[in-house]
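**Student:**
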Ligand SMILES: [Fe+2]
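And the structure:
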């Protein structure tokens, strides 16, 4: 079975449409899973919620914030301004969809768990940045694999239990068609990057495919019509930095 995992769409309709089309027609995945932050930052929150609502989705911090105004103070001024715009734009139906999403989900048969930020206290939307964070999360994992998003930077961590004590290795700077063969006696945490606003100095959408038969994870980068997304940011008077950052991948 092939599973497409995507995260941090952030209202970027052009990027989302491109990625969904690729996953369904090119890769012919059996299932698509969304790791949160469907809205926030860019100009098509309603369209993005409607496009992904048929898939398994979990809640990101931006999805949570649209129905919890008191949570807005945790955001930087640019994110907060975009969220206030998003709250005004979202329909009640779409707000309810976001509000009712779970924070984590465990897939027992396929041996993986998903969370937006971390598996420890997922409601706090903490960041899994480094080996220390990975170590803590490996301690509470009930599955071989954990997929997260939130940082918008693709990265993965491998726990090797055959060493004593167990070791953890981190790999970043992931580019096109990067494939990892899963091994016995190892645990993995994958940060799957961002569809709508990548921040690893690469402006192409980032996502992964988990092949449960081949036992592999493939990272994919896909270009989309950035100019079209950027024009909508301008037209809706969203913060100018949001316009710049999608071209730069920051
Ligand atoms: Fe995000």
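Numbering (my numbering), first residue to last: 1391 to 1640.
Note that beta-carbon positions come from the ideal geometry of N, C-alpha and C, so glycine has one too.
1) Between residue 1533 and residue 1503, which are expected to be in contact by the criterion C-beta below 8 Å, what is the C-beta distance as a whole number of angstroms?
2) Flag residue 1401 as yes when its Cβ comes closer than 7 Å to any non-hydrogen atom of ligand 1, and as no otherwise.
3) Counting beta carbon pairs with one atom in the stretch 1575 to 1586 and one in the stretch 1393 to 1410, are three or more of them shorter than 8 Å?
4) So what does residue 1546 bridge to, in DSSP terms?
5) Would you tell me roughly how many angstroms separate the C-alpha atoms of residue 1463 and residue 1628, rounded to the nearest one?
6) Of all the options 1604, 1486, 1460, 1492, which has the alpha carbon lying nearest to the alpha carbon of residue 1424?
7) Name the one or two DSSP bridge partners that residue 1595 has.
8) Which residues in the same chain as residue 1470 place their Cβ atom closer than 6 Å to its Cβ, once the five residues preceding and following it in sequence are excluded?
9) Going by C-alpha distance, which of 1565, 1518, 1481, 1393 is nearest residue 1538?
10) With a cut-off of 8 Å on the beta carbons, I'd call residue 1611 and residue 1565 a contact; round off their distance for me.
11) Would you report the Cα separation of residue 1449 and residue 1399, rounded to the nearest angstrom?
12) Are the stretch 1437 to 1453 and the stretch 1476 to 1496 touching by the rule of at least three beta carbon pairs closer than 8 Å?
**Tutor:** In brief:
1) 5 Å
2) Residue 1401 Cβ: outside cutoff for every heavy atom of ligand 1.
3) yes
4) 1561, 1580
5) Pairing residue 1463 with residue 1628, the inter-Cα distance amounts to about 18 Å.
6) Nearest C-alpha to residue 1424: 1492.
7) 1612
8) 1462
9) Here the closest residue by C-alpha is 1518.
10) In this structure, residue 1611 and residue 1565 form a Cβ contact; the two beta carbons are roughly 6 Å apart against a cut-off of 8 Å.
11) 12 Å
12) yes
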